[in-house]
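Structure record follows, encoded as structure tokens.
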Amino acid sequence: MRRSAWAEISASALAHNVASMKTVIGDTVLCAVVKANGYGHGGPLVAKTLIESGADLLGVAIVDEGIELRESGVTVPILVQAEAEASALADALTHSLTLTIGSMGGAQDAVRAAEHLGGVHRVHVKVDTGMHRVGVDPADVDEVVDVLTASSNIDLEGLFTHFSVADGPSGDDRAFTRGQIELFNQVAARLRERAVAPRVLHLANSAGAMAYPESRQSMVRCGLALYGLYTQPWLASALEERDVTLETVMTVRAKVSAVRRLEAGERPSYGRLRALQRRSNVATVPFGYSDGYPRRLFEAGAEVLINGDRHPLAGAVTMDQLVIDCGDDEVKVGDDVVLLGAQGNEEISCEELALRAGTITHEIICGIGARVPRVLVD
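Sequential numbering from 934 applies to the sequence shown in our numbering.
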């Protein structure tokens, strides 16, 4: 590292979270979702640790992510969870990626690519049970399946769907999710009547796995939970009732790069947005919005940890740097700074940053920039 800003990825927390989710799902196969650069944690970095910790296979969003994992040495099955473009299919199949089929056109393209390449290639059909984003309409599943099963080069391994409100606490949310489960089960039963029985049936994401036991069928796809985060607070309570916990995996750290003693009334950073209320030590930290620290966090009152204490931002977030109002607290160049995570008895949680930024935890961790090194620890 040539810059004092990095993200620490805890191998022990990843292992703990895999064990926790396997406690929840029992003998169900665990697909660890490592799309979006491992939810910002470093795709190949976390993939190997998740597999070593007991994950059975991996899930990605796009073909390039799967190829990156193969080139890093990953050999377990990798499911591309969205339908790939026709131009990417040859590369996907060459790298033994499992395809998702979400349309008739996608089925036809996959058959052509598989027959051109030769061999037998696994596919999963995605059924749209209410998310209305990607997937085959339930009424059209039989026709799509017929195209796939007619080819000796296609192995229809899986059938799945995706929940839209499995983390929702309301009665309407729960009723809708149960409706999705029922609709999926009807499609699977209809296929079985036609002697079509995909070996892998999967519905549950992290929230579904936690809250809907009936959705834990052949496999579950866990993403956010493996990184120690919840989409909704009530899910944490649901796990704690079973004496199961998750541990936060990522800590974002930096070191103070400069310190100035400024008089009251000075206005640091671009725009001179806020005057210092008192004479203060103002620390510069080499981390900015290009690294994944949203500009809106300044107005939202975000803080960082230095020497175990919370300190607010002193001015606008810039592309590469932050300025921190440390008041009269002693701070010096090289002091440790935590932007996300724990230091001493304090913690800046992902949930806190997401709340201040008006977004969700996914966006915070996935937004950590590519130039921030991910370092595997413990």
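Glycine included, each C-beta is placed from N, C-alpha and C at the ideal position.
Same chain, Cβ closer than 7 Å to residue i, five either side skipped, listed in chain order
i     : result
H1028 : G999, I1000 and R1003
G1277 : G1241
S1084 : V1044, A1047 and E1048
A1273 : Looking at the sequence provided, one finds Leu at residue 1273 rather than Ala. Excluding positions up to five away in sequence, the list reads M1183, T1184, V1185, I1281, C1283 and L1286.
S1036 : E1016 and V1069
V1098 : D1106, F1109 and T1110
L947  : V979, T982, L983, S986, L1159 and V1182
G1161 : A946, N950, L1179, E1180, T1181 and V1182
P1010 : L990 and T1031
S953  : V1177, T1178 and L1179
A969  : A994 and C1299
Candidates the options: closest to residue i by CA position
i     : options                       : result
V1058 : I1293, H1049, G1038 and A946  : G1038
V979  : A940, R1111 and V1053         : A940
E1174 : A1191, S1190, P1245 and M1143 : M1143
E1263 : V1013, V1192 and T1251        : V1192
P1245 : D1253, M1252, S1213 and G1225 : S1213
R1289 : A1121, G1234, V1308 and D1253 : G1234
I1293 : E1076, D1100, R1127 and S1005 : D1100
D1075 : G1104, R1125, I1301 and L1026 : R1125
R1200 : A1249, G1052 and G1091        : A1249
R1154 : H1065, C1259, G992 and G1267  : G992
L1168 : P977, K1188 and Y1145         : Y1145
Outcome for residue i when other beta-carbon atoms lying within 10 angstroms are tallied against a minimum of 16
i     : result
Q1210 : exposed
L963  : buried
A1140 : buried
T956  : exposed
H1054 : buried
K1265 : exposed
P1227 : buried
T1008 : exposed
L1050 : exposed
T1178 : exposed
P1131 : buried
M1152 : buried
A1303 : exposed
Y1163 : buried
S1202 : buried
P1102 : exposed
Q1119 : exposed
G1104 : exposed
A1072 : exposed
N1091 : Note that residue 1091 is Gly in the sequence shown, not Asn. That one is buried.
Counterpart residues of residue i in DSSP-defined beta bridges
i     : result
F1093 : K1059 and H1135
N1214 : R1194
S943  : V1310
D997  : Note: D997 sits in no beta bridge, so no partner.
P1245 : E1236
Q1276 : E1279
T1184 : E941
A1154 : Before going further, note that residue 1154 is Arg rather than Ala in the sequence given. Per DSSP, C964.
D1088 : R1055
L1012 : G992 and T1031
V1256 : T1217
V1270 : A1187 and I1239
V1069 : V1060
Residues near residue i in its chain [Cβ-Cβ closer than 8 Å; skip 5 each side]
i     : result
V1129 : V1078, T1082 and L1089
G959  : R1149
Check whether residue i and residue j have beta carbons under 8 Å apart
i     : j     : result
C1283 : G973  : no
S1291 : R1205 : Contrary to the premise, residue 1291 reads as Gly rather than Ser in this sequence. Contact flag unset, no.
S1223 : S937  : no
A1015 : A994  : yes
L1136 : F1109 : no
V1305 : I1257 : no
V1215 : L1238 : no
R1243 : E1232 : no
T1033 : V1013 : yes
S1020 : V1310 : no
L1134 : A1122 : no
G975  : R1307 : yes
D1253 : G1225 : no
L1172 : H1295 : no
D997  : L1022 : no
D1268 : K1188 : yes
I916  : V1067 : Only positions 934 to 1311 of the chain appear in the structure, and residue 916 is not among them; the question remains open.
A1025 : A988  : no
Cβ shell of residue i (< 6 Å), same chain only, five flanking positions each side left out
i     : result
G1198 : A1208
T1062 : T1094, Q1113, L1116 and F1117
Q1314 : The structure shown does not extend to residue 1314, since the chain spans only 934 to 1311, so no value can be given for it.
E1196 : R1212
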